[in-house]
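Enquirer: The structure is given below, and queries will be raised subsequently.
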Amino acid sequence: MLLQLPRQRQLDLSKPKVMGILNITPDSFSDGGRFIGHDAALMQAESMLKAGAAILDIGGESTRPGANEVSVQQELDRVLPVIELLRKELDPVISIDSCKTIVMREAVAAGADILNDIKALQDEGAVALAAELRVPVCLMHMQGQPRTMQQAPVYQNVVQEVCQFLQQRADICIQAGIAREQIVLDPGFGFGKSLSHNYQLLSGLSALVQLNYPVLAGMSRKSMVGQLLELPVEQRLAGSLACATIAVMQGARIIRVHDVKETVQAVAVAQATLFGVEHG
Ligand code: 7PM
């Protein structure tokens, strides 16, 4: 399980890795002035890498559940300067969280290594672009559209349906020339799923792992933690760590989180349980 990144680099997923979330939105680094914002993004990136993040996921908040649409130009203006800055200053592995083909293309040109698409490359031209760019892709499952998906999600068997969808998308990608080894699958926790659906998916995550692609799981601070425990977003760390641990124990290889330092510790415990300890 070795993802081939641009510029002759690789990401080894034989052991689970932590992906740190770096949201580039006006309110996440609120200041009005772009330079202070970029400074704050750089500092947060530096701290996540120091805490052990293997990947930084950069998003311009285009597709958050219930969120307002962001224009392509706005998204480009938000993410491109930060990608260039990170590439120059820290040279981390960067994924671009976007479903817009223009943003994907420009982000990779600016230095992004991985495409993270919550629409699983279903937009016009996205599969062909990923094949052309030869970068790894994360395909995520979502039922419905971001603005309305949480209204009444319905499944007969959520684990089976998510696996079926992701297997189909992976097949389409491979047919279009994307290397099998460059595909990561993600069940899309919270994207068109009820609380019960989310826990059925977490419980059955090993079924997705068995499709034989690296699996990414993103549950950090999500409502599957908050709704269950009746806690606001700033008190969801312990629940999120439990989710991360349970996912890694079933074979997930990338855990997408806000709280990198704590998650790296939880993942290390799960990893030692699964694979043993190296020394001592
Ligand atoms: C509001 C609600 C704000 C939800 C942000 C979110 C995933 C992702 C997101 C995921 C992959 C968040 C989500 N979630 N990409 N992007 N997998 N691959 O909590 O689960 O960050 S946005």
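Every position in the sequence shown, counted from 1, becomes a number in my numbering once 34 is added. We put the CB at the ideal spot given by N, CA and C, even for glycine.
#1: Which same chain residues, not among the five before or five after Met35, have their C-beta less than 6 Å away from its C-beta?
#2: Roughly how many whole angstroms lie between the Cα atoms of Val161 and Val171?
#3: Going straight from the alpha carbon of Arg181 to that of Val137, what length do you get?
#4: Skipping 5 residues on each side, what residues in its chain have a beta carbon closer than 8 Å to that of Val324?
#5: With burial defined as no fewer than 16 other Cβ atoms inside 10 Å of the residue's Cβ, what is the status of Lys134: buried or exposed?
#6: Can you find a heavy atom of the ligand 7PM that lies under 7 Å from the Cβ of Leu39?
#7: With 16 as the cutoff for other CB atoms within 10 Å, does Asn232 come out buried or exposed?
#8: Under the three-state reduction of DSSP, which class applies to Gln190: helix, strand or coil?
#9: Should Leu250 be counted as a contact of the ligand 7PM given a C-beta to heavy atom distance under 7 Å?
#10: What residue from Phe309, Thr279 and Leu114 has the CA that sits closest to Val52's CA?
#11: In terms of residues, what are the limits of the beta strand (DSSP E) holding Asp151?
#12: Would you mind working out which of Gly238, Gly54 and Ala164 sits nearest Arg214, comparing C-alpha positions?
#13: Rounded to a whole number of angstroms, what is the C-alpha to C-alpha distance between Ile289 and Leu271?
#14: Who are the Cβ neighbours of Val243 in its own chain at under 8 Å, not counting the five residues just before and after it?
#15: Look at the alpha carbon of Glu195 and the alpha carbon of Ile58, and state the distance between them as a whole number of angstroms.
#16: Compute the beta-carbon to beta-carbon distance between Asp157 and Met174, rounded to the nearest angstrom, for a pair I have assumed lies under 8 Å.
#17: Which same chain residues end up closer than 6 Å to Leu37 when comparing Cβ atoms and leaving out the 5 residues on each side of it in sequence?
#18: What alpha helix (DSSP H) runs, 4 residues minimum, are completely inside the region 149 to 180?
#19: Does DSSP put Thr47 in a helix, a strand or coil?
#20: Could you say which of Ala241, Leu120 and Ser132 lies nearest to Gly145 if we only look at CA atoms?
#21: Roughly how many angstroms separate the alpha carbons of Leu245 and Ala281, rounded to a whole number?
Expert: Reading it off the structure:
#1: Leu47, Ser48 and Pro248
#2: 10 Å
#3: 20 Å
#4: The chain is shown only over 35 to 314; residue 324 falls outside these bounds and no answer can be derived.
#5: buried
#6: no
#7: buried
#8: coil
#9: yes
#10: Thr279
#11: Ile148 to Asp151
#12: Ala164
#13: 14 Å
#14: Val249, Gln284, Gly285 and Ala286
#15: 32 Å
#16: Incorrect: roughly 13 Å between the Cβ atoms, too far for contact.
#17: Leu45 and Pro170
#18: 160 to 167
#19: The sequence shown places Leu at residue 47, not Thr. It is coil, neither helix nor strand.
#20: Leu120
#21: 15 Å
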